[in-house]
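Reviewing the structure listed below.
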Amino acid sequence: MEKAFIFDMDGVIIDSEPLHASVKLAVLAEIGIRLSTSELAPYVGRTSHDFYQDIAKRFPDAHVDEAALTKRKHQLYLELLESDGALKAIDGIPELLAKIKAAGYKIGLATSSGREVIEIILNRLHIAKYFDVTTSGREVPKSKPDPAIYRITAEALGVKPEDCTVIEDATAGITAAKGAGMYCIAYKNPHSGHQDLSQADKVITSYSEIHL
Numbered sequence: 090m091e092k093a094f095i096f097d098m099d100g101v102i103i104d105s106e107p108l109h110a111s112v113k114l115a116v117l118a119e120i121g122i123r124l125s126t127s128e129l130a131p132y133v134g135r136t137s138h139d140f141y142q143d144i145a146k147r148f149p150d151a152h153v154d155e156a157a158l159t160k161r162k163h164q165l166y167l168e169l170l171e172s173d174g175a176l177k178a179i180d181g182i183p184e185l186l187a188k189i190k191a192a193g194y195k196i197g198l199a200t201s202s203g204r205e206v207i208e209i210i211l212n213r214l215h216i217a218k219y220f221d222v223t224t225s226g227r228e229v230p231k232s233k234p235d236p237a238i239y240r241i242t243a244e245a246l247g248v249k250p251e252d253c254t255v256i257e258d259a260t261a262g263i264t265a266a267k268g269a270g271m272y273c274i275a276y277k278n279p280h281s282g283h284q285d286l287s288q289a290d291k292v293i294t295s296y297s298e299i300h301l
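Counting from 1, position 1 in the sequence shown corresponds to residue 90 in the numbering used here; the numbering is continuous, with no gaps.
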C-alpha cells in the first residue's frame, strides 16, 4: 500500500494567515464591527463562513449576512493574492515537496480555502505539479475540525488513513487529522496566532526537521 503526505495550505505552505486576518477585519469594518487580530486565532484553519456565522450570533443587532460577508471576503482576498508580487512559499516547502515526491509518496492538499484560491497559490508558487489530489473545504460536508476533509483526501489518493501523514499549523486542522486516524506533524507558525498543538504527534519549527 502506498503512503501519503497531506498538507494544509494556509500557514503551512504559504504564510497567508496575516492576509486572511486583515481581509476578515476589513470586511467587518465595512459594516461597523471592529475586532482585534487576536480574536481571530480560534478561526485559523476554519472556513470564513464559520467565522461570519459566529459573528452573526455574537452581534445580533448588526443583522450580519454571513453568506454576503463570506463572498465579500473571498473577493477581497483574491484581489490581494493577485496583486501581491511578494507571494512566496514558506521556507523549505518546495524542497520538502520535491523530496517527498522523489521518495515515491503520494501528496495531497486539504484546505479550508476555495478552489480558485488553491489554484492561484499553487500555480503562482510553481508547486502544483507535486500534488496528486487537492481538496477544498467547500467541497466537503463539514469543515475542519471535522475529519471529513482528510478522510475524503485519503480516499481520493487511494491510501489508508493510517498510512497518511498530515502537516498542519492550526488546532482545528490537527483535531481533524487525528479524528481521521492519521499521523500529524504540527508546524509551529508564529503567524498563526496561539494554537494548541498538543494533539499532534510531532511539533516542528522548520521543515528541515521532517525526515523520510
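Where a beta carbon is used, it is the ideal one built from N, C-alpha and C, also for glycine. Please read all numbers here as calculations on a predicted model, not as lab measurements.
- For L301, the number of other beta carbons within 10 angstroms of its own is below 16, and it is reported as exposed.
- The beta carbons of I207 and S225 sit about 6 Å from each other, so the pair counts as a contact at 8 Å.
- Counting every other CB atom within 10 Å of its CB across the protein chains shown gives P236 a total of 16 or more, marking it as buried.
- Taking a contact as a CB-CB distance under 8 Å, the pair I256 and Y276 counts as one, their CB atoms being some 6 Å apart.
- For P234 against A243, the beta-carbon gap comes to about 17 Å, at or over 8 Å, which does not count as contact.
- Under the three-state reduction of DSSP, I120 is assigned to coil, being neither helix nor strand.
- In the DSSP assignment, S225 falls within the beta strand (DSSP E) that extends over V222 to S225.
- Of K160, A259 and R123, the smallest CA-CA separation from C273 is found for A259.
- Listed as beta-bridge partners of V292 by DSSP are A275.
- Counting only the Cα atoms, D150 lies some 42 Å from V222.
- Between the C-alpha atoms of E106 and H280 there is a straight-line separation of about 7 Å.
- Counting the other CB atoms within 10 Å of its CB gives H215 a total below 16, which places it among the exposed residues.
- Every alpha helix (DSSP H) stretch that sits fully inside the region 155-237 and reaches 4 residues is listed by chain position as 155-172, 182-191 and 204-213.
- Between S202 and M98, the C-beta spacing is below 8 Å.
- About 39 Å separates the CB atoms of K146 and D252; that is not less than 8 Å, and the two are not in contact.
- Under the three-state reduction of DSSP output, D143 falls in the helix class.
- Just so you know, the alpha carbons of L129 and Q288 end up roughly 21 Å apart.
- Pairing I179 with P230, the inter-Cα distance amounts to about 29 Å.
- Under the Cβ criterion (8 Å, minimum of three pairs), the region 157-172 does not count as touching the region 185-198.
- Taking a contact as a CB-CB distance under 8 Å, the pair L158 and V116 counts as one, their CB atoms being some 5 Å apart.
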